[in-house]
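Input: a single structure, listed below in structure tokens.
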Ligand SMILES: [Zn+2]
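Take a look at the structure:
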């Protein structure tokens, strides 16, 4: 019943104003007044700035550099990205010790959402056909640990800490939350952050109430921090345990729908994306040209009638995009990224997070087949050089639309293609699938 009073709000200042009341109130009135944070990534940036002056500028310049790279697609590699993931379950109760099935389901959700394979893309309004994008990023539970040993990609740590949440967080100090990333402080140290996406799953509640669903560290234009090297933020993602996976047995309360998209959202931050309303009014920007502006975050509603700001995206004033994973809409109505959000994430993977997806010893490429597209970028014909015989190919544009193509003698005719990025799925005689990126000039 208490939880029914909770509502989403990201604004930390409002929380600060509530503090004196909270301190002298009963739990019941606390529950009446608390407004919980959907995502604390912007707070995390401010906090890191207080520890390491210049961090905020580094995040912004990293964002700008990744965006600039998008203007120059030639410099990108042609491959689909695979990110090795380690999930750290840090538990005090049996409920927090989520079963493997929930973790595997969360990875499935990420792979659907980051490959536009989620069935609810059909719910995206046709208005957004002109901007939708497919990241083609794959997440795999790590199969090799940092010592080169086989692993499930899941760690389990019992902690005496009943919650990593604390009142300090409400005034912008994230140091208690960050303890989950340190073995010495009751959590668990990260695995090499340049080689693994570390996701910690734990309890961050306050007085038993959900205070925060998750937060992440955007890339900072600096080499990723080595494990435990700073007293500040450890690179990676933290998720409240009831918000992990779409088959989580624990109810988060307040009628909040959980479909594993808190993690989709936080990984979006980890790959450089900002909230689509730019954390401000119509004049605030998320730095991405094809996401419509909004005068505020969506709340838990899925209200398709809202068009709070006038914008001009390919000559169209699009409505507020409640379908976007980087909004605060209900997980029920989120189903899409935009093409330029995809380009930004690809830029981050080519710059700040290069080692995560290039020559990463933590990634095992099973049945590795030598497969090269040449030239790439291409103008007229692309040759396929492969160590296996290719039986069939399928080509898709960045929106996931299949392109008809002539494929003969290991050559693809791209003369009729429009300039841009395409994905090529090649199938060998043995049924193995290889995916590469192709840029048409
Ligand atoms: Zn967020």
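In this note's numbering, the protein residues as written are 1082 to 1522.
C-beta: ideal position from N, C-alpha, C; glycine also.
Note that the coordinates shown come from a computational prediction; the quantities given were computed from them, not determined experimentally.
| Check | Outcome |
| --- | --- |
| Let me have the residue list for ligand 1: C-beta closer than 6 Å to any non-hydrogen atom, ordered along the chain. | 1120, 1122, 1346, 1350 and 1356 |
| Relative to the alpha-carbon of residue 1222, which residue among 1411, 1184, 1380 and 1410 has its alpha-carbon at the smallest distance? | 1184 |
| Ends of the beta strand (DSSP E) at residue 1130? | Counting along the chain, residue 1130 falls outside any beta strand (DSSP E), though it belongs to the alpha helix (DSSP H) covering 1122 to 1132. |
| Thinking residue 1372 and residue 1422 are a contact (beta carbons under 8 Å), I'd like their distance in whole angstroms, please. | 7 Å |
| By Cβ distance, which residues of its chain are closer than 6 Å to residue 1391, with the 5 residues on each side in sequence left out? | 1398 |
| Consult DSSP for residue 1200 and reduce its assignment to one of helix, strand or coil. | helix |
| Below 8 Å between beta carbons: does that hold for residue 1173 and residue 1284? | yes |
| Tell me which residues share the same chain as residue 1182 and place their Cβ nearer than 7 Å to its Cβ, disregarding the 5 neighbours each side in the sequence. | 1328 |
| Does DSSP put residue 1321 in a helix, in a strand, or in coil? | strand |
| Along the beta strand (DSSP E) that carries residue 1217, what are the first and last residues, could you check? | Neither: residue 1217 is in no beta strand (DSSP E) and is coded neither H nor E. |
| Assuming residue 1191 and residue 1298 make a contact with CB atoms under 8 Å, what is their CB distance in whole Å? | The pair is not a contact, with the Cβ atoms about 17 Å apart (cut-off 8 Å). |
| State the CB to CB distance for the pair residue 1268 and residue 1479, rounded to an integer number of angstroms; the pair is presumed to be in contact (CB under 8 Å). | Between residue 1479 and residue 1268 the Cβ distance is about 38 Å, and since that is not below 8 Å, they are no contact. |
| Can you tell me whether residue 1401 is buried or exposed, with buried defined as 16 or more other CB within 10 angstroms of its CB? | buried |
| Within the present structure, is the beta-carbon of residue 1315 separated from the nearest heavy atom of ligand 3 by less than 7 Å? | This structure does not include ligand 3; its bound ligands are ligand 1. |
| Just to confirm before moving on: does the CB-CB distance between residue 1418 and residue 1134 stay below 8 Å? | no |
| With DSSP collapsed to three states, give me the class of residue 1182. | helix |
| Looking only at its chain, what residues have a beta carbon closer than 8 Å to the beta carbon of residue 1317, apart from the 5 residues adjacent to it on each side? | 1262, 1271, 1274, 1278, 1279, 1280, 1281, 1297, 1298 and 1351 |
| Express the C-alpha separation of residue 1144 and residue 1128 in angstroms, rounding to a whole number. | 18 Å |
| Check residue 1337 in the structure and name its three-state DSSP category. | coil |
| Give a yes or no on whether the C-beta atoms belonging to residue 1518 and residue 1161 are separated by under 8 Å. | yes |
| If the criterion is Cβ atoms closer than 8 Å, does the pair residue 1420 and residue 1212 meet it? | yes |
| Tell me the DSSP secondary structure of residue 1290 in three-state form. | strand |
| Rounded to whole angstroms, what's the CA-CA distance from residue 1341 to residue 1179? Just pull it up for me. | 14 Å |
| To which residues does DSSP link residue 1296 through a beta bridge? | 1319 |
| What residues are listed by DSSP as bridge partners for residue 1405? | 1417 |
| According to DSSP, is residue 1472 part of a helix, a strand, or is it coil? | strand |
| For residue 1167, which residues in the same chain have their Cβ closer than 6 Å to its Cβ, ignoring the five residues on either side in sequence? | 1223, 1234, 1272, 1277 and 1279 |
| Suppose you measure from the CA of residue 1521 to the CA of residue 1207; what does that come to, to the nearest Å? | 26 Å |
| According to DSSP, is residue 1502 helix, strand or coil? | strand |
| Residue 1485: buried (16+ other C-beta within 10 angstroms of its C-beta) or exposed? | exposed |
| Please report how far the alpha carbon of residue 1474 lies from the alpha carbon of residue 1142, in whole angstroms. | 39 Å |
| So, at 7 Å on beta carbons, what are the nonlocal neighbours of residue 1247 in its own chain, with the 5 sequence-adjacent residues on each side left out? | 1257 |
| For residue 1295, tell me which candidate among 1321, 1205 and 1315 has the shortest Cα-Cα distance. | 1321 |
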